[in-house]
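Everything in the sequence shown is counted per our numbering, starting at 166 for the first residue and increasing by one.
Glycine residues also receive a C-beta, built at the ideal position from the N, C-alpha and C atoms.
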Amino acid sequence: MRKRDFMADMTGQFKRMSKSQKVIASYISDHYDEAVFMTAAKLGHTLHISESTVVRFALMLGYDGYPEFQEALAAWVKEQLSDIQRIGVKYAGCTQSEVLASVLQSDMDKIRDTIKHLDASTFDTAVDIILKARKVYISGIRSCEPLADFLCFYLNMMRGEVVCIKTTSMSETFEQMLRINERDAFIGISFPRYSMRTLKAMEFANDRNAKVICLTDSIHSPMCMYSSCNLFARSDMVSIVDSLVAPLSVINALVVAMCLKRPAEVKNSLHTLEDVWDRYQVYLNDEINFIDEEPMLNYPLRKEDARSRSGD
């Protein structure tokens, strides 16, 4: 059997799949732990397509038949489930402090590698696309969701008209993107293991002539298929946890660069937010600021409350 990354190989061929084949690929990507035990007939029945369509899907991917395809899927699933064993090999005999130093060093190496390989002109293009877009759509699934949330939070503070796609349903994803067009931008964030939902959303945005940006790990990522602006950041680690330090640093850089290009707008937005926070006392009950070495929460909100507490 061929030695290859099963999921990356499948998503890499997604663009040339038929509609039914894309349905199969999407289901396997999102439910591989269930699909691995399904026969061709069972998978077809689950997706309301014929068994022969499932078999042709396996042949299209280059397998001799569905049994070989299923065997490759099973090998891939087994590899994902053995991540904890690889951690044991890497960190066997290490103290907790040595594990800490090793992980932090690994993250620093990823940032250095990202600095070395991230194209400056592509970065500038991404900044311009985001700032000029009528509306910006952002998608990040599973472990990439915090990255999407972080970027969405700061873009909303700077420019507004930002949609962070939140759903586990592909149909709802398209519903949230229904009015995307050539005046808009779409940012897809995905690292191994790549998300089929993000890939399909990027395809939809590309079909609608929106400007598509992807943040991913390498030029070999299937996310690059529908993107005209590719930002690369290292993310691999021998761990059950994805390392998102380098991708987050790239997002930080995007935010800072946009602030420097639109300082007046950012300043006005922040002043407006501060006025709202002060008027509605947003942070008085939500965060602690230290005044005279005492938490802000210990201070009364009104002078009348202060007098009543002192007995005056």
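**Min CB distance Q186 to chain D below 8 Å** = Within the model displayed, chain D is absent; a lone protein chain is all it includes.
**Message:** Tell me which residues share the same chain as S185 and place their Cβ nearer than 7 Å to its Cβ, disregarding the 5 neighbours each side in the sequence.
**Reply:** I214, T218
**Prompt:** Would you call the CB atoms of A370 and I354 closer than 8 Å?
**Reply:** no
**Asked** Does DSSP put Y231 in a helix, a strand or coil?
**Response** helix
**Given 8 Å, three or more beta-carbon pairs between the stretch 384-404 and the stretch 428-435** = no
**Message:** I'd like the span of the alpha helix (DSSP H) that includes A223, first residue to last.
**Reply:** 216-225
**Request:** Could you tell me which residues DSSP pairs with V327 in its beta bridges?
**Result:** V301
**Asked** When the Cα of S304 is compared with those of Y319, F351, R324, which residue comes out closest?
**Response** F351
**Request:** Can you grab the Cα-Cα spacing for the pair G375 / D349, in whole Å?
**Result:** Just to set this straight, residue 375 is Ala in the shown sequence, not Gly. Taking the straight line joining both Cα atoms gives about 5 Å.
**Request:** Answer with buried or exposed for G177, where buried requires no fewer than 16 other C-beta atoms within 10 angstroms of its C-beta.
**Result:** buried
**Prompt:** Thinking C-beta only, is A418 closer than 8 Å to R500?
**Reply:** Given that the chain is displayed from residue 166 to residue 477, the structure contains no residue 500 and the question cannot be resolved.
**Message:** Does L380 come out as helix, strand or coil in the three-state DSSP assignment?
**Reply:** strand
**Prompt:** My guess is that V201 and L238 are in contact by the Cβ rule of under 8 Å, so how many angstroms apart are they, rounded?
**Reply:** 5 Å
**Request:** Have a look at the DSSP bridge pairing and note the partners of N417.
**Result:** None; N417 has no bridge partner.
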